[in-house]
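Numbering (UniProt numbering), first residue to last: 1 to 401.
Here a beta-carbon is modelled for each residue, glycine too, at the ideal position from N, C-alpha and C.
The model shown is predicted, which means the values in this text are computed figures rather than measured ones.
Below is one structure; the comments refer to it alone.
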């Protein structure tokens, strides 16, 4: 009896050992199968999301999954306009790495980070104006679709070697503007750290423009507001003037033989109130003489004459400063200030090749408060007018009755 009981106990122990052995093996096998199948399901989900964007079509080449770091990598994502004039992809993202930002978990937040390598955005004007059988495409549709590919809020964005291009084929000559070698870093977009900061997110970017100019952008931003608050400084330096002949020839009938141009800008937004300036400078400009007729010759002489009149002799710079300020729904350039700045540069001051440093978020916030107060007074006046009008109408009705 005892021997039988002992034998049964041994069998049970062996059975339990086998169960203990097979359980982890089964889990490991299931994880391996899930790991092998997951990229397939994720790829189908992404392709289905892209296929459902009205007016566009797109797909991805491949998906990689990295479970150990909570990430998936999209290879070869492209999106194009249905019935477009060209076959140039509107979006062409070589590699997009979407992962959990583990540093943020230590701060009690689950957010993601995106690293994009060689992303290209090609805006062909004629393609985007084309209407497909599905109806007009809306920018909100494709931006929402791309946002849906990221399961959690993005806190950090890194772009390496990107490209932005604008092409218009209907003009003569064609317009082809671009920013190449775009590198961008945006951190703390969801305000995980330094929550006391009014502008919690830092943004830096650099690129090479058409004409081999150097573009630099620095700023701080608050994306948590519906209309983001921000304080941005932007510069474009040492770009070759002849490179923009396709644009200046079509818009103003001017072709440059040589010269350089710079652009400097600062702007801030506080509570939907915008304040800033754009300062373009043209140096050592020479124009190409046209042989199309007497009117073209007169026009070139007219342009050269005003270049001479408005160029500062000490720096050989043609420059102006275009200020803009006001509510975002009604911001307009100040024409008279622009005219004054042209002549001020020509005969009194040589604008320096740098940002002025006179635009900041604090001043813009004060202007926003003043603007809000003005709007409030205006609303109160309109309300009083409406009340007086209503009383007059009531009196008239009473008199008639």
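Coarse secondary structure for residue i, derived from DSSP in three states
i           : result
residue 272 : coil
residue 159 : strand
residue 206 : strand
residue 107 : coil
residue 260 : strand
residue 347 : Here residue 347 scores only 41 on pLDDT, less than 50, and its place in the model should not be relied on; the value that follows carries that caveat. Residue state, collapsed to three classes: helix.
residue 166 : strand
residue 305 : Confidence at residue 305 is low in this model, with a pLDDT of 46, below 50, so the placement of that residue should be treated as unreliable; the coordinate-derived value is given next. Of the three classes helix, strand and coil, the one that applies to residue 305 here is helix, per DSSP.
residue 59  : strand
residue 227 : coil
residue 95  : strand
Cβ-Cβ distance between residue i and residue j below 7 Å
i           : j           : result
residue 266 : residue 233 : yes
residue 182 : residue 176 : no
residue 79  : residue 60  : no
residue 404 : residue 204 : Outside the shown range of the chain (1 to 401) lies residue 404, about which nothing can therefore be said.
residue 191 : residue 224 : yes
residue 150 : residue 189 : no
residue 146 : residue 164 : no
residue 127 : residue 81  : yes
residue 94  : residue 156 : no
For residue j and residue i, the rounded distance between their alpha carbons
i           : j           : result
residue 70  : residue 89  : 30 Å
residue 258 : residue 241 : 6 Å
residue 246 : residue 287 : 14 Å
residue 92  : residue 160 : 14 Å
residue 271 : residue 228 : 8 Å
residue 243 : residue 158 : 29 Å
residue 119 : residue 285 : 34 Å
residue 64  : residue 112 : 17 Å
residue 218 : residue 373 : 31 Å
residue 360 : residue 268 : 6 Å
residue 386 : residue 379 : 10 Å
residue 96  : residue 381 : 54 Å
residue 239 : residue 248 : 14 Å
residue 230 : residue 276 : 11 Å
DSSP bridge partner residues for residue i (one or two, in chain order)
i           : result
residue 211 : For residue 211, which the question treats as bridged, DSSP gives no partner whatsoever.
residue 367 : DSSP, once it has assigned bridges, lists no residue as partnering residue 367.
residue 362 : Note: residue 362 sits in no beta bridge, so no partner.
residue 66  : 71
residue 240 : 260
Closer than 6 Å: residue i CB and nearest the ligand ZN heavy atom
i           : result
residue 327 : Of the ligands one can find in the structure shown there are none, so the ligand ZN has no counterpart to examine.
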